[in-house]
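Here is the structure we will look at, set down as structure tokens.
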Ligand SMILES: NC(=O)c1ccc[n+]([C@@H]2O[C@H](COP(=O)([O-])OP(=O)(O)OC[C@H]3O[C@@H](n4cnc5c(N)ncnc54)[C@H](O)[C@@H]3O)[C@@H](O)[C@H]2O)c1
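In my numbering, the protein residues as written are 5 to 397.
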């Protein structure tokens, strides 16, 4: 095996693993369609400043043993290809495979006998064995067995990705036994806490199951929070003492955002429904609905709070500040952000809505078609991360 590994996709998930591989003594060719990002990495500049420890690794390896490029051909000497590009979903929550397919077909054109390809993007179970295998075989003219193919889900959390890669258990599974073994031996060289599972399909399912667990448990927390509120029970006090070794009630929220958790349950719900197994994923669908509907609940609470304010001004003249618009505190990402959706819902209801988020400047907020405000200048502040409502005194 040569010392060269290609990582396709240098985003929040791909760049940390590419850097960790480079730091383990490999030469890494990172392929990304974003020219500016490649230039930054090659000059030692970290394009994801919120990622702890990444800056140091990029400074050490960027442009040296971590070369970023927009040309797939630059990776032709690699014998290992790790693919971690996004998978978006359409309006019916069905996966749109175009980006992954393009990455696989490009890698397929470079593939030689004995090479290993590992997919890390979260995908519906069987994607690697059915789609990825076909794309590689069509482009390379090789058959599985002449190359190896495996799946290993990313289990990072933006901000903590480097430590996760160093400590958190990572799993890998092959589309056949030899591929699993080959991927396991290769990944052991840069992932300390690695587990080989019986197939790519199991490894894919592990990642999706984890997302479903989070979504269902957040749905449960949201439901219990609403019930507690209705019964005039302090949810947080109850949660503190309800939780123990066998009970972990999650925190309530405005819903679930980001690329992952709100998307994965649909992979299983849609698949089961296509098979006519409507009852199999009922809980997953319900949790999705509960979480998505939380913005309606909070909009109602906000309106009630406005109505209780002692002022002679009409409701639509009271300035509301939604404090926190990213999907998660501390992560500058708006994908599926329920906080942003809440702000928009309040606007649709004719209220005077502004937003504030320490990660976004007033200009950036303006570019989103929203208005920025300092929380102290608003009549009512809804802190979307702490779920508190505070009226101006
Ligand atoms: N970010 C996370 O916390 C996280 C956690 C677990 C799993 N994941 C998985 O990782 C995947 C990627 O997520 P991300 O956060 O890195 O996304 P991202 O948007 O931060 O980065 C994706 C990168 O892929 C590049 N890209 C797009 N099309 C390409 C192509 N055809 N060839 C090469 N590069 C291409 C983009 O330019 C971008 O740099 C997700 O779909 C998810 O399945 C992410």
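Quick reminder that beta carbons are idealized off the backbone N, C-alpha and C, glycines included. Just so you know, these numbers come straight off a predicted model, no measurement behind them.
Closer than 7 Å: residue 56 CB and nearest ligand 1 heavy atom = Result no, Cβ not under 7 Å from ligand 1.
Across which residues does DSSP place residue 248 in a beta bridge pair?
-> Residue pairing by DSSP places residue 248 opposite 251 in a beta bridge.
Indicate the three-state DSSP secondary structure (helix, strand or coil) for residue 107 in the structure shown.
-> Helix at residue 107.
Report yes if the C-beta of residue 90 is less than 7 Å from at least one heavy atom of ligand 1; otherwise report no.
-> Taking non-hydrogen atoms of ligand 1 into account, the C-beta of residue 90 is found less than 7 Å away from one of them.
Could you spell out where the alpha helix (DSSP H) holding residue 346 opens and where it closes?
-> Counting along the chain, the alpha helix (DSSP H) containing residue 346 begins and ends at 342–352.
How about residue 298: is its Cβ closer than 7 Å to a heavy atom in ligand 1?
-> No, the beta carbon of residue 298 sits no closer than 7 Å to any heavy atom of ligand 1.
How is the beta strand (DSSP E) around residue 325 delimited, first residue to last?
-> The continuous beta strand (DSSP E) containing residue 325 extends over residues 323–327.
Which class does residue 61 belong to by DSSP, given the choice of helix, strand or coil?
-> Of the three classes helix, strand and coil, the one that applies to residue 61 here is helix, per DSSP.
Buried or exposed: where does residue 397 fall if 16 or more other Cβ atoms within 10 Å of its Cβ makes it buried?
-> Only exposed fits residue 397, as fewer than 16 other CB atoms lie within 10 angstroms of its CB.
Taking just the CA atoms, how far does residue 57 sit from residue 217?
-> So the alpha carbons of these two residues sit roughly 29 Å apart.
With distances taken from CA atoms, which of 249, 155 and 139 is nearest residue 124?
-> The residue with the shortest Cα to Cα distance from residue 124 is 155.
Top-ranked residue by Cα proximity to residue 79, from 95, 39 and 33 | Cα-wise, what sits closest to residue 79 is 33.
Cβ shell of residue 49 (< 8 Å), same chain only, five flanking positions each side left out | Listed in chain order, the non-local C-beta contacts of residue 49 below 8 Å within the same chain comprise 62 and 66, local neighbours out to five positions each way being set aside.
When the Cα of residue 375 is compared with those of 387, 327 and 393, which residue comes out closest?
-> Closest by alpha carbon: 327.
Given a threshold of 16 other Cβ atoms within 10 Å of its Cβ, counted over all protein chains shown, does residue 82 qualify as buried or as exposed?
-> Counting the other CB atoms within 10 Å of its CB gives residue 82 a total of 16 or more, which places it among the buried residues.
Would you mind sorting residue 251 into buried or exposed? The rule is 16 or more other CB atoms within 10 Å of its CB.
-> The residue is exposed, with fewer than 16 neighbouring Cβ atoms inside 10 Å.
Could you check the C-alpha separation between residue 391 and residue 334 for me, to the nearest Å?
-> Straight-line Cα distance between these residues: approximately 16 Å.
In the DSSP assignment, find the unbroken alpha helix (DSSP H) run with residue 143 in it and report its ends.
-> DSSP places residue 143 in the uninterrupted alpha helix (DSSP H) bounded by 137–144.
Residue 337 - containing alpha helix (DSSP H), residue span | Premise fails: residue 337 is in no alpha helix (DSSP H) and is neither H nor E.
With a threshold of 7 Å, establish whether the CB of residue 36 neighbours any heavy atom of ligand 1.
-> Under cutoff, so the answer is yes.
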